[in-house]
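Numbering (the working numbering), first residue to last: 178 to 478.
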């Protein structure tokens, strides 16, 4: 299998997508709102994907609760943002609900929990997605170090969410390692640079280093590598993610189509894998990008 998880275009698997997947065998597919209409349609699409993908491929959904939800009412229940959770039992129940929803819909992997910290004055792209969100009293501002209380709380609550997902037989993905909370711009639209080096930003990931999957951040951490975002930085992946944090599981990139990165889709995917990511993630579902990535990864087979 090729070490990539790809998006698809619509509500049904197109013949050209099926042929591409049969020929090049990606590791899996991720679905978004554009792919999900209701339970019947989703079940049909997932059956089509299972037939086209390798037997042990994965189906992934980006489902956190709050504003990041692809399974939505009226067909699926609304879950709150992680920043509203106040106790460990609440966090565990939240994880169980996420995992049960994903499993019942046919998914193997759920992209949660978010272990980034809510930092006052930083980009709102994290905001209440952070477990120490606006409801928590302990936040720092983007120019100063953070008290460890908030980081430890995030790590402990994140563990309960992840355990709930695991207990439903679904793989959680902690994100965005080594920490997105201090970014001043949204990496969907531009490349953030983080100048403050605070070990507390990494602490929630350290506390969950034994989880099976983690997703990288498209952020330049100047103290570690002033030239490359973490996703494309061998230095950050080896020294910080694998070294300082101690994560040993499957490392997947964030969506390589985000505007924090530049270059052709295939170049982005190969750069992420060369830097040390185990899987490249490319979400838009465009046929040209999917084909280019899979063909680039097929060279040398």
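Every residue, glycine too, gets a C-beta built ideally from N, C-alpha and C.
Nothing here was measured: the structure is a model prediction, and the numbers come from that model.
Can you list, in chain order, the residues of its chain with a C-beta nearer than 6 Å to that of residue 265? Leave out the 5 residues immediately preceding and following it.
Hits under 6 Å: 337.
Apart from the five residues just before and just after residue 431, which ones in its own chain have a Cβ nearer than 8 Å to its Cβ?
Same-chain partners within the cutoff: 352, 353, 364, 392, 393, 394, 395, 408, 458.
Beta-bridge pairing of residue 352 - partner residues as DSSP gives them:
Answer by DSSP bridge pairing, in chain order: 291, 392.
Are residue 188 and residue 226 close, meaning C-beta to C-beta below 8 Å?
No, the pair does not count as a contact, with Cβ atoms beyond the cut-off.
DSSP bridge partner residues for residue 427 (one or two, in chain order)
Per DSSP, 390.
Which of the three DSSP states, helix, strand or coil, is assigned to residue 401?
In the three-state DSSP reduction, residue 401 falls in the coil class, being neither helix nor strand.
Reducing DSSP to helix, strand and coil, say where residue 456 ends up.
Residue 456 falls in the strand class under three-state DSSP.
Given residue 556 as reference, the closest of 248, 335, 200, 347 once Cα atoms are compared:
The requested residue 556 is not part of the displayed model; the chain covers only 178 to 478.
Residue 184 bridges to which residues according to DSSP?
Looking at the DSSP assignment, residue 184 forms a beta bridge with 207.
Could you have a look at residue 242 and say whether DSSP puts it in helix, strand or coil?
Reduced to three states, the DSSP call for residue 242 is strand.
From residue 279 to residue 286, what distance separates their C-alpha atoms?
Spanning the two alpha carbons is a distance of roughly 8 Å.
Alpha carbon to alpha carbon, what distance is there between residue 300 and residue 362?
Cα to Cα, the separation comes out at about 5 Å.
Once DSSP output is grouped into helix, strand and coil, what is the label at residue 464?
The three-state secondary structure of residue 464, taken from DSSP, is helix.
In whole angstroms, what separates the C-alpha of residue 423 from that of residue 293?
Put simply, the backbone Cα of residue 423 is about 17 Å away from that of residue 293.
In this structure, does DSSP put residue 217 in helix, strand or coil?
DSSP, read as helix, strand or coil, puts residue 217 in helix.
If you run the structure through DSSP and keep just helix, strand and coil, what is residue 383?
If DSSP states are grouped into helix, strand and coil, residue 383 belongs with the helices.
Taking a contact to mean a Cβ-Cβ separation below 8 Å, would you say residue 290 touches residue 349 in this structure?
Cβ distance < 8 Å, so residue 290 and residue 349 count as in contact.
In whole angstroms, give me the CA-to-CA distance for residue 309 and residue 419.
Spanning the two alpha carbons is a distance of roughly 25 Å.
At least three beta-carbon pairs within less than 8 Å, the region 444 to 453 to the region 379 to 389:
Too few Cβ pairs lie closer than 8 Å, so no.
Rounded to whole angstroms, what's the CA-CA distance from residue 275 to residue 241? Just pull it up for me.
Taking the CA atoms as reference points, residue 275 sits about 7 Å from residue 241.
Using 8 Å as the limit for Cβ to Cβ distance, is residue 264 near chain D?
The question asks about chain D, but that chain is absent: this structure has only one protein chain.
Less than 8 Å between the C-beta atoms of residue 234 and residue 205, yes or no?
Contact flag set, yes.
Indicate whether residue 260 and residue 307 have their beta-carbon atoms separated by less than 8 Å.
In terms of Cβ geometry, residue 260 and residue 307 form a close pair [threshold 8 Å].
Flag this pair as yes or no: are the beta carbons of residue 433 and residue 446 separated by less than 8 Å?
Their beta carbons are under 8 Å apart, which means residue 433 touches residue 446 by this criterion.
Proximity winner among 333, 327, 403, 410, relative to residue 376 (alpha-carbon distances)
Of the candidates 333, 327, 403, 410, the one whose C-alpha sits nearest the C-alpha of residue 376 is 327.
Integer-rounded CB distance, given that residue 236 should sit under 8 Å from residue 283
By a beta-carbon distance limit of 8 Å, residue 283 contacts residue 236. Their separation comes to about 6 Å.
Can you tell me whether residue 192 is buried or exposed? The criterion is at least 16 other CB atoms within 10 Å of its CB, across all chains shown.
Within a 10 Å sphere around the beta-carbon of residue 192 sit fewer than 16 other beta-carbons, which makes this residue exposed.
Rounded C-beta distance between residue 389 and residue 426? I'm assuming under 8 Å.
The Cβ separation is near 5 Å, so the contact holds.
Among 304, 347, 464, the one whose alpha carbon lies nearest that of residue 244:
Minimum Cα distance to residue 244 is reached at 304.
Tell me the DSSP bridge mates of residue 411?
Partner(s): none; residue 411 has no beta bridge.
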